[in-house]
Amino acid sequence: MTIVRLLILVTLIFNFVASTAIDDAKCDAQLEYFDQALSKHEKWAIELFDAWTKLQSGIVSGNVNDFGHFDQCVKFRHESDDTKVEKIQGKHCMIFYRALENATEHESDRKFDWREIVKLMRERSLRLGAGVCLPSTCSAAKIRHYVNETVLSSSDLVITNDYDQSIFCSTNDSIPFETIDVVAIVILSIFALLLLSSTLYEILMIQRNQRPHELFSAFSVYKNGKKLFDMKRGQSTSIIHCLPGLRTLSMFHIMSSLWKQRGIPIINTNVFSSVDGEWNLKYWASILTIFHIAVDLFLVIGGCLLARSTMGQK
Ligand SMILES: *[C@@H]1O[C@H](CO)[C@@H](O)[C@H](O)[C@H]1NC(C)=O
Ligand SMILES: *[C@@H]1O[C@H](CO)[C@@H](O)[C@H](O)[C@H]1NC(C)=O
Ligand SMILES: *[C@@H]1O[C@H](CO)[C@@H](O)[C@H](O)[C@H]1NC(C)=O
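Under mature numbering (1 follows the signal peptide of the UniProt record, and there is no 0), the residues of the sequence shown are numbered -21 to -1, 1 to 293, in order.
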């Protein structure tokens, strides 16, 4: 009962630490203030705009997602004198956009014309991701609308409808803990405690030249770590201790590769969205792209080890 009460208390405390409040009226005032400052070329507004992605280079080679400068954006603060505007805090959002189906007529005799890149996007049906930086009081919907109307529409670009904007926005405020986080922390802490105390217990016993109790040392890193990489044959030839270790590593391999394959960005969001799959053709990419044969690999290595063990018997 005490634990449950403690959990509820912890949840309440953490949820109380609110992140930046969304306020539509304040957002409108701040966006207008930002627009005006930008037209007047004020330094702070240009700094905020500096954190934005412009048009990334190498989109044809698969550089379709670009974050802009995330850190500069979320750390951005500007105090205004206007009481309606108050303090402006940076909020970073990834927006995804494509070229309009039909280009509007335009005359241009410029040699370097950005619209030619838009034409390229249209021809190849590219969908680009870009980081924008706007006031943190703005909701995801407001930011979408602002970028679509103010920035994109003048370049024959349009924001796409195939994603949930709210999950692509962040500030540097600490994220409030939810019940599920607290539960996970408690469970993992129990495991960590078991691991630590069990390892300590075993090391102490070994130092005292005493045999550790099987049960108390069950979670020991020392004992289990030795087994994980043990290639020695046990008493019974049918047990090779490193096989479960191999199985575990194969499992993690499959899990992490699947995770990447499904487009969840871990290191580089552009890796698997490469336009012509150039990255996937590199021989070292096979570490991640041929994960489905990790199971077969496990079977082959397992088989070799078993054969080695059987032959060693003769
Ligand atoms: C967010 O950035 C501001 C401004 O740089 C800083 O004062 C604040 O400590 C940061 N918050 C966190 C949680 O890092
Ligand atoms: C684009 O132009 C084509 C031909 O001119 C037309 O059939 C089509 O409806 C236009 N699409 C849009 C979205 O306006
Ligand atoms: C973005 O703006 C275009 C006009 O430029 C409009 O047709 C489209 O519906 C807008 N999309 C969103 C998601 O607001």
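Every residue, glycine too, gets a C-beta built ideally from N, C-alpha and C. Nothing here was measured: the structure is a model prediction, and the numbers come from that model.
Secondary structure of Glu58, DSSP reduced to three states: As a first step, residue 58 must be located in the sequence shown, where it is residue number 79. In the three-state DSSP reduction, Glu58 falls in the strand class (E or B).
Integer-rounded CB distance, given that Leu136 should sit under 8 Å from Val97: To locate residue 97, count along the sequence shown from 1; it is residue 118. To locate residue 136, count along the sequence shown from 1; it is residue 157. At roughly 6 Å, the Cβ-Cβ gap stays under 8 Å, so Val97 and Leu136 are in contact.
Cβ-Cβ distance between Phe147 and Leu107 below 8 Å: The residue you call residue 147 lines up with position 168 of the sequence shown. The residue you call residue 107 lines up with position 128 of the sequence shown. Cβ distance not < 8 Å, so Phe147 and Leu107 don't count as in contact.
Endpoints, the beta strand (DSSP E) within which Gln68 is located: Here the question's residue 68 lines up with position 89 in the sequence shown. For Gln68, the enclosing beta strand (DSSP E) has its first and last residue at 66 to 78.
Where the beta strand (DSSP E) containing Cys117 begins and where it ends: For the purposes of this step, residue 117 is taken as residue 138 along the sequence shown, with counting starting at 1. Per DSSP, Cys117 lies in no beta strand (DSSP E) and is assigned neither H nor E.
Status (buried if at least 16 other CB within 10 Å, exposed otherwise) for Gln9: The residue given as residue 9 occupies position 30 in the sequence shown. The Cβ neighbour count for Gln9, taken over all protein chains shown within 10 Å, is at least 16; the residue is labelled buried.
Glu80 CB to nearest heavy atom of ligand 2 below 7 Å: If you number the sequence shown from 1, residue 80 lands on position 101. Relative to ligand 2, Glu80 has its C-beta within less than 7 Å of a heavy atom.
Residues near Phe28 in its chain [Cβ-Cβ closer than 8 Å; skip 5 each side]: Position 49 of the sequence shown, counted from the start, is the residue given in the question as residue 28. Only Leu17, Cys112 meet the Cβ criterion.
Minimum C-alpha distance to Leu207 - residue among Phe198, Arg190, Leu225, Ser199: Against the sequence shown, residue 207 aligns to sequence position 228. If we check each option's Cα against that of Leu207, Leu225 comes out closest.
Cut-off 7 Å between Cβ atoms - residues of its own chain near Ser36, not counting five sequence neighbours on either side: Numbered from 1 along the sequence shown, position 57 holds the residue referred to as residue 36. Within the same chain, Ser36 has close Cβ partners Asn42.
Spatial neighbours of Lys66 in its chain, beta-carbon cut-off 6 Å, leaving aside the 5 residues before and after: Your numbering for residue 66 matches position 87 in the sequence shown. Cβ neighbours of Lys66 beyond the five flanking positions: Glu58.
For Tyr142, the nearest candidate out of His220, Ala120, Asp160, Leu131 (CA to CA): In the sequence shown, residue 142 corresponds to position 163, counting from 1. Closest by alpha carbon: Ala120.
8 Å Cβ cutoff met for Leu172 and Leu222: As a working mapping, residue 172 is identified with position 193 in the sequence shown. As a working mapping, residue 222 is identified with position 243 in the sequence shown. For Leu172 and Leu222, no; Cβs fall outside 8 Å.
Beta-carbon separation (whole angstroms), Ala264 vs Ile233, contact threshold 8 Å: Taking the sequence shown and counting its residues from 1, the one referred to as residue 264 is at position 285. Taking the sequence shown and counting its residues from 1, the one referred to as residue 233 is at position 254. Wrong, their Cβ atoms sit about 16 Å apart, outside the cutoff.
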